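When we follow numbering that gives the first Met the number 0, the leftmost residue of the sequence shown carries the number 0, and every step to the right adds one.
Using N, Cα and C, we set each Cβ at its ideal position, and we do this for glycine too.
Values in this document were obtained by computation on a predicted structure and should not be read as measured data.
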Amino acid sequence: MTNNTKKIALSGVMSAIAVLCLLFATIMPTGKLSFYVLSSFFVSVIIIEYGTKPGWVFYIITNLLAYILIPDKIRIIPYTVFFGAYGILKYYIEKFNNIVLEYILKYIYFNACLAIALIFLREIIAKGITLNKIKFPLWTVIILLEVIFIIYDYVYTLFIQYYRQKLKRFL
0 MTNNTKKIAL
10 SGVMSAIAVL
20 CLLFATIMPT
30 GKLSFYVLSS
40 FFVSVIIIEY
50 GTKPGWVFYI
60 ITNLLAYILI
70 PDKIRIIPYT
80 VFFGAYGILK
90 YYIEKFNNIV
100 LEYILKYIYF
110 NACLAIALIF
120 LREIIAKGIT
130 LNKIKFPLWT
140 VIILLEVIFI
150 IYDYVYTLFI
160 QYYRQKLKRF
170 L
């Protein structure tokens, strides 16, 4: 199999699996976050195998396929805004090779995405609904989400290491 054929085949299969994960995130009653997380890992495989340009193409194609194939379009937005792009962003940020700077930049990205999500929730989804009945103050929810983000980033790093050490040789 030629390198170009292999690239197209692997990208197609990975994109199909990512879209399937996004479909499960939209239809499953529980575990939605797990499927979003799983869908985010595939772009890293493409970046490891072929570089960032094919990674960007993979991200765009996966988004287009998801919006075409999945009926509930609003549930694809978390992938488009955060999960799908995170692997690409993580690659660029970790090139700095400065752990403090890396986490500062990752937190800026995460909090920007979180701010967009909160504005979207308040202005579009929950327009006219008062959010005063939330049991916890917003700042505690944000801190909890930031802790979850640290765990997500760590698990993402473990996935990349596992792929490089164990799975890469099979592709």
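Rounded to the nearest angstrom, the gap between the Cα atoms of Leu68 and Val42 is 19 Å.
By the Cβ rule, the region 3–18 counts as touching the region 46–60, because three or more pairs are nearer than 8 Å.
Distance from the CA of Thr156 to the CA of Ile118, rounded to the nearest whole angstrom, comes to 29 Å. Counted as a single uninterrupted DSSP element, the stretch harbouring Tyr162 is not any alpha helix (DSSP H), since DSSP gives it neither H nor E. Ranked by Cα distance from Cys20, the options Leu64, Leu88 and Thr1 are led by Leu64. In the structure shown, the three-state DSSP call for Thr139 is helix. Counting C-beta atoms within 10 angstroms of its own C-beta, Tyr161 has fewer than 16 neighbours from the protein chains shown and is therefore classed as exposed. Linking Ile75 to Tyr151 through their CA atoms gives a straight-line distance of about 19 Å. Contact check for Leu104 against Ile92 passes: the beta carbons are separated by less than 7 Å.
DSSP, reduced to helix, strand and coil, places Ile69 outside both helices and strands of the structure shown, so it counts as coil. In terms of CA proximity to Arg168, Val44 leads the group Val44, Lys94 and Phe81. Taking 7 Å as the cut-off, the Cβ atoms of Ser38 and Ala17 count as close.
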